[in-house]
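This report concerns only the one structure given below.
Residue numbers (our numbering), protein chains in the order written: chain F, 9 to 252; chain E, 131 to 457.
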């Protein structure tokens, strides 16, 4: 069974919010739109977003590191938001594992958002229904788009390729290999939600060089000079006497 | 969590209605066992059922204010296999219908024995429907409370105590109302309802205080380390991705000061438990029973509003970990 997901590489995310804006741009005018805003050009603007980028500082000065943390629906394999929905508006697709909301069935009771420990569902203040990341379901299967563009808008927008998209159930896919080989992890594993989206940790490349590796043991410079003269009657393989 | 008044009124009002019905039903059982004098079918049981249905209807009305799309509310009965909310949506009208039918049976006095049980006990229609309504009432208590108690991330709610509190606080307020009601209709069962209202209130006090104590010593399962998956003891949030709030900051935070929450807690602990007990005791002793009983109910119900408000602010959602600093 296919499970589409995003892999977010925290090692290369620069926190530019390009994924946030391109997500909003694509989805507000697409199948999942509108993603309405309240007071967009006034005091206290607020609105519906499927994706956010947060920033955390790790450690104490001067030994700090800045981590930019994109946060969107993780499309859990065992999504706690789905069974609590009283109308069946919240569902997980059998075919590709995407968790979606049917806006025509949603009654806006917000119970699903209570049941999500990650807080990635947002109630649209104007549409009065619950909204969430669709993994750009209207885009990834669009036959009119070139194959290379059949990816979520956030993935295409990322300038550092910090976002990757693929099937995490296929062990040979690029995303599965990245999870395997680069320590991909899930958020809040303690709740057993088994998120499909994985994060790749910050990685530092260390190269261990030993002292003796800096000094050549077989340094020809050290070997130069005359070897002791062998006895005249000794047989040698090489023409050692030529140096004497 | 943000305390929404629609849900506060829903849960407290239906609690009163359910408790009042349970009081009427237990009154009928007691009088059937010849432990209490029999009451008039019309002026006591029918009118009492009407009052109980009125409270349930008021609760149902309040619940619609919680919905973004109330016109689609009928859809919410479809996923009863998995959703406690859906189960509540089915059980609430069922309970109302059964209690209404119970009232109708009493109003028209369809109380001819249908059959005789164990050669001594006459079983009539009101007893059968009353028993069904009683089971439905308990099912409704369980559904309502399990909506909260089934959310394992909200550790403050994820406990059998949540269910016990909903049942006990609902029945306590219902029995208090039954005492008021029996004073008004001059039924000679005031003492019975006052006694049980006090017993239920005292029991509810024990379980509610136990819940407060339990919630004071909860260790949150999630923390910033597991939330973003970085194993470092010192992590500070520098940005939450927006400046002026979102659904995440509105729905899951109560935005109240600790002083206010503490005050509301103390207020409900006084209003729900000791004051109604005192008022009921004085009322039962014969001193201005009508006014004191009404006062007891009003005080207890306002206390329950504060209790439910506090219940919501008690719940600490793990998503709040991601929203600790604006910038």
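Glycine included, C-beta positions come from ideal geometry on N, C-alpha and C. Remember, it's a predicted structure, so these values are computed and weren't measured experimentally.
- Put simply, the backbone Cα of residue 212 of chain F is about 17 Å away from that of residue 188 of chain F.
- If you ignore the 5 residues before and after residue 172 of chain F, its C-beta comes within less than 6 Å of the C-beta of 15 and 183, all in its own chain and listed in chain order.
- Under the Cβ distance rule, residue 189 of chain E does not count among the residues neighbouring chain F, no pair being separated by less than 8 Å.
- In this structure, the beta-carbon distance from residue 444 of chain E to residue 316 of chain E does not fall below 8 Å.
- Under the three-state reduction of DSSP output, residue 418 of chain E falls in the coil class, being neither helix nor strand.
- Interface with chain F (8 Å Cβ-Cβ cutoff): residue 215 of chain E is included.
- Against chain F, a Cβ distance below 9 Å from residue 362 of chain E picks out 66, 67 and 73.
- Using a Cβ-Cβ cut-off of 8 Å, residue 115 of chain F counts as an interface residue toward chain E, since at least one Cβ of chain E sits closer than that to its own.
- Below the 9 Å Cβ cutoff, chain E contributes 358, 371 and 452 as neighbours of residue 79 of chain F, in chain order.
- Our two residues, residue 62 of chain F and residue 353 of chain E, have alpha carbons roughly 16 Å apart in a direct line.
- Contact residues of the segment 177–204 of chain E toward chain F are 196, 197, 198, 199, 202 and 203 (C-beta to C-beta distance below 7 Å).
- Per the C-alpha coordinates, the member of F:42, F:159 and F:124 positioned closest to residue 199 of chain F is F:124.
- Residue environment for residue 252 of chain E: exposed (fewer than 16 other C-beta atoms within 10 angstroms of its C-beta).
- Only residues of its own chain outside the window of five on either side were considered, and among them 32, 35, 36, 55, 56, 57, 58, 132 and 139 have a CB closer than 8 Å to the CB of residue 43 of chain F, listed in chain order.
- Annotated as proximal: residue 402 of chain E and residue 430 of chain E, with beta-carbon spacing under 8 Å.
- Within chain F, the C-beta atoms nearer than 9 Å to that of residue 449 of chain E come from 121, 124, 125, 126, 127 and 128, in chain order.
- The beta-carbon separation of residue 296 of chain E and residue 274 of chain E, rounded to 6 Å, stays under the 8 Å limit for a contact.
- One thing to note: residue 128 of chain F has its Cβ no nearer than 8 Å to the Cβ of residue 213 of chain E.
- Taken in chain order, the complete alpha helix (DSSP H) segments of 4 residues or longer contained in the segment 187–243 of chain E are 214–237.
- Contact check for residue 142 of chain E and residue 438 of chain E: beta-carbon distance about 6 Å, within the 8 Å limit, so the pair qualifies.
- At a cut-off of 8 Å between C-beta atoms, residue 135 of chain E does not count as an interface residue with respect to chain F.
- A straight-line Cα-Cα distance of about 6 Å links residue 175 of chain E and residue 236 of chain E.
- Between the segment 328–344 of chain E and the segment 294–310 of chain E there are three or more inter-stretch CB-CB distances shorter than 8 Å, so the stretches are counted as touching.
- Around the beta carbon of residue 343 of chain E, fewer than 16 other beta carbons lie within 10 angstroms, which makes this residue exposed.
- Per the DSSP secondary-structure output, residue 292 of chain E pairs with nothing in a beta bridge.
- A Cβ-Cβ separation of about 4 Å places residue 200 of chain E in contact with residue 194 of chain E under the 8 Å criterion.
- Annotated three-state conformation of residue 22 of chain F is coil, per DSSP.
- Per DSSP, the beta-bridge partners of residue 138 of chain F are F:131.
- In the DSSP assignment, residue 76 of chain F is bridged to F:63.
- The closest CA to that of residue 201 of chain F, considering only F:209, F:81, F:88 and F:10, is found on F:88.
- Chain E has no Cβ within less than 8 Å of the Cβ of residue 100 of chain F.
- When only Cα atoms are considered, residue 425 of chain E and residue 305 of chain E end up about 14 Å apart.
- Taking the CA atoms as reference points, residue 234 of chain E sits about 10 Å from residue 227 of chain E.
- By the neighbour-count definition (other C-beta atoms within 10 Å, threshold 16), residue 169 of chain F is an exposed residue.
- Around the CB of residue 449 of chain E, 16 or more other CB atoms lie within 10 Å, so the residue is classed as buried.
- With the rule of 3 Cβ pairs closer than 8 Å, the segment 358–366 of chain E counts as touching the segment 66–78 of chain F.
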